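Structure, as structure tokens:
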Amino acid sequence: MDAILTYSETAAELLKRRKVYRDIIFKYLAAKKIAVSPSSEKNQLIQRALEFWRESATESVSSAPESSSFNGQNSVPSQDKSNDTSHSGSLDCQLLGEHFCRWFYPLLNSQNPILGCEKGYWGPQHFWENTVLKFAYRTTQESTEEYCGAQMASLRLLALTREERLLFNPSIDTGGLKCAISRHGLVVVAVAGTIHRDNQCLGIFEQIFGLIRCPVTASWKIKNVNLKILGQSALGALGSIESAPRPSIQYKTKDLEEYYS
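Here this note's numbering is used: the sequence shown runs in plain steps of one and ends on residue 1331.
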């Protein structure tokens, strides 16, 4: 492994050799505290190792949240890590929500091939195994979808940017972000913004997340997702997107605290 790190330009070729077994790469990533699925194939593990080395040969992935699991270390005091279920005074949920959004949306948007940028490490590792995604969208008619499990939730969200080529533009600094903590310690992050494809604004969105911190890795993972998309044709009395009010979150804090109760 040291030789591979030293000669990083040949790392991919070396890792693909038959003598470099999948289990060796898996154990290496585990030793570096990089969360990967036990069912990951060798090619997936190789890609994760290469991403890790590109970020830093001496730094753990947890210090680079844009390409690994969101840990919120910049917004959560270390003394609060074992007390996530306490009252909201022990956790700046608004700051945590802002850090989460600045990690999540660039990561999801990077999967859009139109951007032509380097893709972040998207996948089910950012979700709890019992994640529930509820997706509602309205254009000329209203449709709803529901997905259960980390893999299904991850793939459906990925399809929005990779296949449908949508881009999410959250209004983080203009009233489009509000956060709260439920009495059970679930951090609820509500986001509003606009949806785009190419150079066209297609509509507005509202997305609500339920986040729970993993006691093992100390990273925050997604437990619930509720996504609503309203197309321009469904804006009705609001008229065009340009004349509609700026997307904002209308929920009161108490409503968010009880949203997933």
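By construction, the Cβ of each residue, glycine as well, lies at the ideal position given by its N, Cα and C atoms. Fair warning: this is a prediction, and the values are worked out from it, not measured in the lab.
Buried or exposed for residue i, please, with buried defined as at least 16 other CB atoms from any protein chain shown within 10 angstroms of its CB.
| i | result |
| --- | --- |
| Ala1223 | buried |
| Asn1141 | buried |
| Cys1249 | buried |
| Ser1152 | At Ser1152 the pLDDT is 39, less than 50, meaning the model places this residue with poor confidence and gives no usable figure here. |
| Val1257 | buried |
| His1196 | buried |
| Gly1167 | buried |
| Cys1163 | buried |
| Arg1253 | exposed |
| Ile1104 | buried |
| Ile1292 | buried |
| Leu1326 | buried |
| Leu1185 | exposed |
| Lys1322 | exposed |
As a quick exercise: from the options, pick the residue whose alpha carbon is nearest that of residue i.
| i | options | result |
| --- | --- | --- |
| Gly1193 | Thr1231, Leu1225, Phe1275 | Leu1225 |
| Thr1264 | Ile1319, Asn1294, Phe1140 | Ile1319 |
| Asp1268 | Arg1232, Ser1107, Ser1110, Phe1197 | Arg1232 |
| Leu1230 | Leu1256, Phe1275, Ile1251 | Phe1275 |
| Thr1210 | Leu1166, Gly1301, His1196, Ser1252 | Gly1301 |
| Arg1092 | Lys1102, Gln1114, Ala1105, Ala1101 | Gln1114 |
| Arg1088 | Ile1104, Lys1103, Val1106, Lys1112 | Lys1112 |
| Val1333 | Val1090, Ala1100, Ile1094 | No answer is possible for residue 1333: the residues shown for the chain start at 1071 and end at 1331. |
| Cys1284 | Glu1199, Arg1235, Leu1236 | Glu1199 |
| Leu1165 | Tyr1329, Glu1328, Ile1251, Lys1324 | Ile1251 |
Ignore the nearest five residues each way along the sequence and tell me which others in residue i's own chain have a CB closer than 8 Å to its CB.
| i | result |
| --- | --- |
| Leu1228 | Leu1178, Gln1181, Trp1192 |
| Arg1316 | Ser1241, Thr1244, Gly1245, Gly1246 |
| Phe1170 | Phe1140, Gly1142, Val1259, Phe1279, Leu1281, Trp1290 |
| Phe1096 | Val1106, Pro1108, Ser1110, Leu1115 |
| Leu1236 | Asn1182, Leu1230, Ile1265, His1266, Arg1267, Leu1272 |
Once you ignore the five residues that flank residue i on each side, which residues in its own chain have a CB closer than 6 Å to its CB?
| i | result |
| --- | --- |
| Tyr1175 | Phe1238, Pro1240 |
| Ala1206 | Thr1214, Lys1298 |
| Val1202 | Cys1218, Asn1294 |
| Gln1277 | Val1261, Leu1297 |
| Lys1204 | Glu1216, Asn1296 |
| Lys1189 | Ser1180, Gln1181 |
Suppose the cutoff is 7 Å on Cβ atoms and the five residues either side in sequence are ignored; what does the same chain contact list for residue i look like?
| i | result |
| --- | --- |
| Ser1078 | Residue placement at Ser1078 is flagged as unreliable, the pLDDT there being 37, under the threshold of 50; the coordinate-derived value follows with that caveat. The answer, listed in chain order, is Trp1123. |
| Leu1272 | Ile1265, His1266, Gly1301, Gln1302 |
| Lys1086 | Ile1116 |
| Tyr1329 | Val1258, Ile1278 |
List the DSSP bridge partners of residue i.
| i | result |
| --- | --- |
| Gly1280 | Val1258, Asn1294 |
| Ser1213 | Tyr1207 |
| Val1090 | Val1090 pairs with nothing; no bridge assigned. |
| Ile1104 | Ile1104 is not bridged to any residue. |
| His1266 | Leu1237, Cys1271 |
| Leu1332 | No statement about residue 1332 is possible, as the shown extent of the chain runs from 1071 to 1331 and does not include it. |
| Gly1219 | Answer is none; Gly1219 lacks a bridge partner. |
| Leu1300 | Arg1208, Ile1274 |
| Phe1197 | Ile1292 |
| Val1202 | Cys1218, Asn1294 |
Is residue i near the ligand ADP - that is, is its Cβ less than 7 Å away from at least one heavy atom of it?
| i | result |
| --- | --- |
| Leu1237 | This structure lacks the ligand ADP; in fact it carries no ligand of any kind. |
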